[in-house]
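Worksheet: the structure to be examined is printed underneath.
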Amino acid sequence: MTLRPTISVIITNYNYEEYVGHAIESVLSQTRLPDEIIVIDDGSTDSSRDIIRSYGERVQSVFQSNQGIRSVTNSGYASSTGQIVMYLDADDTFYPMAVERVEKALRSGVVKVQFDLDVVDERGRRLGRRMPDFSRRAITEVELAREFNETGTYRWPVTSGNAYSRDFLKQVMPVSPPVSLDGVLNTIAPLYGRIVTISDPQGQYRVHQRNNSRKNSSGKVAFIPDFASRIRYRKQEFDILREHADRLGHQLPTGDLLDNELVFVNYRIMARKLSREDESDRNRSLFDLWAKGIIAIGRGHFRPSVALKHATWICSITLLPAWLVRRLIEIRFSRTQWWSNVRSRLGGGIS
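If you want the working numbering, it's the 1-based position in the sequence shown plus 31.
As structure tokens, this is what we get:
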């Protein structure tokens, strides 16, 4: 008889009183209950702690002074014991079978299971998008490994869409990421073993005005992201990748690995059009960046309709005048708030 692996779910919270209860309830409603549910509160000043305390012994509560997201994820891991570790941001939720699906997928030699998340607004209404959108066909372990060996990267979800084996985490934790833990863990994971992808969504990623991803380098909400800072952070994560690869004797592709990530090719083009590019990117030609983007689209396992959307966007921001590109960027990065306002005016009649 094979023993079931133990599973820890770590919920990280800071001032999400309106969401943290939903996150906890989604974990308590799993068809396969985790062996431990740990809620780390990072010095919240709202009523989050009262909400967390109301769950009593059903969750393991850890209250600490405000130390930031990097400390929370490391302390969450240190508090856990599960053979499988799942992180859930307090503004996100899991669907009922998420833990069960992960348990079935994480076999010997697999270091990470990843899955899509449905994107919802601040009121939990679906927006018709997925994060990162595995195109309804999960990339196989072999395909993912081949892509990583050729490009040094692969497509992965935000924090709540990943589950890690403790065998992997023991080899790399604690870490000191430039921004958040998941960026580093997901970047280096293929060096340590296989990755399984579940194509259908196993939870919800909530987009709202207080998402960390919407904040600039000074912590303020910005409708146009600080592309240069995001590029610098990603370069630091790739530096960490090369350190781990050197230590393990793994040969990575030469050159700038950001050129292999469609998101960051987009960021570089948009930053150039806004005259906000990183200093190291000022000598790159727009045509070169456009070409890298087209190559990334062709390699991206996208559905034809999605590939066409990506190609249309990257051609538009490359060829159109800067004033019009700026307007397109403003629309793109505020579209969730705009659509939410439309729904509210219609009385919530759209679902």
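Glycine included, every Cβ here is placed at the ideal spot set by N, Cα and C.
CA-CA distance, Gly-155 and Leu-317?
Going from the Cα of Gly-155 to the Cα of Leu-317 covers about 38 Å.
Can you list, in chain order, the residues of its chain whose CB lies under 7 Å from that of Arg-307, leaving out five sequence neighbours each side?
Phe-258 and Ala-259
In whole angstroms, what is the alpha-carbon distance linking Ile-69 and Val-40?
Each residue's Cα considered, the two are about 6 Å apart.
Best match in Arg-315, Ala-220, Thr-182 and Val-210 for proximity to Thr-104 [C-alpha to C-alpha]
Val-210
Beta-carbon separation (whole angstroms), Leu-119 vs Ala-54, contact threshold 8 Å:
6 Å
Is it the case that the Cβ atoms of Glu-146 and Gln-233 are separated by a distance below 8 Å?
According to the sequence shown, residue 146 is Phe rather than Glu. Yes, Cβ-Cβ distance for Phe-146 and Gln-233 is below 8 Å.
Can you find at least 3 beta carbon pairs, one from the region 287-295 and one from the region 321-335, that sit closer than 8 Å?
yes
Thr-5 bridges to which residues according to DSSP?
Only positions 32 to 382 of the chain appear in this structure, which leaves residue 5 out of reach.
So, with DSSP's three-state summary, where would you put Tyr-264?
In this structure, Tyr-264 counts as helix in the three-state DSSP scheme.
Between Ala-342 and Glu-178, what straight-line distance do the alpha-carbon atoms span, to the nearest angstrom?
A direct Cα-Cα distance of roughly 20 Å separates Ala-342 from Glu-178.
Bridge partners of Tyr-236, per DSSP?
Val-150
Taking the Cβ atom as the reference point for each residue, do Val-144 and Val-133 lie within a distance shorter than 8 Å?
In this structure, Val-144 sits near Val-133, with a CB-CB distance shorter than 8 Å.
How close, in whole Å, do the beta carbons of Leu-320 and Arg-299 come, if the pair is a contact with beta carbons under 8 Å?
5 Å
Following the continuous beta strand (DSSP E) through Leu-339, name the residue where it begins and the one where it ends.
No beta strand (DSSP E) holds Leu-339; the alpha helix (DSSP H) holding it covers 335-350.
Would you mind reading off the limits of the beta strand (DSSP E) that contains Thr-43?
38-44
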